[in-house]
Amino acid sequence: MKLSVVRLAAKAVLLSATMIATISPANAQWENQVEITVRGEYRYILGNGIPNHETGQFPNRNNPNQIRPQRHQYRVPADPVVASQPTPMEGKPFGIAVNGVPFDPGTAETYRGDRRFHYEALTGVLNLGLDSSNAHVQPTGAYHYHGLPNELIKKEQLRGKQKMTLLGYAADGFPIYSPRSYADAKDPESGTKVLQSSYRLKQGTRTEGPPGRYDGSFAQDFEYVASLGDLDECNGREGVTPEYPEGTYYYVLTTKFPFIPRMCKGTPDDSFNRRGPGPGQQTRPGPPPGRRPPFPPGGFRSR
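Numbering (mature numbering (1 follows the signal peptide of the UniProt record, and there is no 0)), first residue to last: -28 to -1, 1 to 275.
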């Protein structure tokens, strides 16, 4: 692994990285390639989307797609600014990991074709063939994370000595960290704890859309309650980090909903606007590389 870090204005800025993927059954024929550079006002993240860690077996019974190299090209502000109001990221990748793999929590599966209600990938209703990093593969061959990238976290923690683990950058340029962060957001000597989101499952029965009780099938089944946990409605907070000792707004991936944030605190860059069909759908000509079993899965009933 080759890595270069340059400190500018008391901030550690990752300028370039080339990482070689661990051989695994799913991506043994490819090597991870990613380059992160800061030029002027922007941080550019280019990569082939091949993870630098072990993955599950793809194709598999619930995800018939094979990992293939991509041409990911993203740009984010190098000095991001909090906007006047959050920007929802529905239908778009939320961010990009330090290994060049997108954070893309949404799914293509909807309730009876109603695009207002997309099924959640990590709440137990669907089996989309996710691996131990809560990731799977789109028909285009794009490997992407729906939740905590556990294998990436392990690699980054082994590589560094930091108490907090930088995992990537959101579309608005703010950094993304693993769940364990400083207990006191402003004090790096305060020890660490696993941060919790401030979302909870609603009580009762849905008033529109799919019938049944709120059970976590859809994002609309959850509600934000200020100060319920450690994080705001964008699953982030202000504080100091190893890379930003003077302080910054940063996002946190969590073990519970929303897992990966669904809104940007700043202004997302246009490079994250999805071109063509949404997640999990065919985006280039040629025979389909595989399709999932019919949805909803057998035995599924409205609750």
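Backbone N, C-alpha and C define an ideal beta-carbon position, used for all residues, glycine too.
Each residue's CA atom was taken as its position, placing Y221 and F146 some 6 Å apart. Spatial neighbours of R178 in its own chain (CB-CB distance under 8 Å, excluding positions within 5 residues in sequence) are listed in chain order as G184, R185, Y186, Q192, D193. Here G67 is bridged, per DSSP, to F75, A142. Between E92 and F30, the gap from beta carbon to beta carbon reaches 8 Å or more. Three or more Cβ pairs closer than 8 Å define a contact, and the region 83 to 90 falls short of that threshold against the region 9 to 23. Contact check between the region 116 to 128 and the region 42 to 51: fewer than three CB pairs, one atom from each, fall below 8 Å, which does not count as touching.
Assigned with DSSP and collapsed to three states, K135 falls in coil, not helix or strand.
From the listed residues P214, Y154, K158, Y171, the smallest Cα separation to T164 is found for Y154.
Unbroken beta strand (DSSP E) stretches of 3 residues or longer found wholly inside the region 184 to 237: 194 to 196, 208 to 211, 220 to 224, given in chain order.
The criterion of a C-beta distance shorter than 8 Å is not satisfied by T227 and T59.
Only residues of its own chain outside the window of five on either side were considered, and among them T9, R47 have a CB closer than 6 Å to the CB of Y16, listed in chain order. If you draw a 10 Å sphere on the C-beta of A55, you find fewer than 16 other C-beta atoms in it, and that means exposed. DSSP, read as helix, strand or coil, puts D103 in coil.
Contact between the region 156 to 171 and the region 62 to 77 is absent: fewer than 3 CB-CB pairs across the two stretches fall below 8 Å.
Here K158 carries a coil assignment [DSSP, helix/strand/coil].
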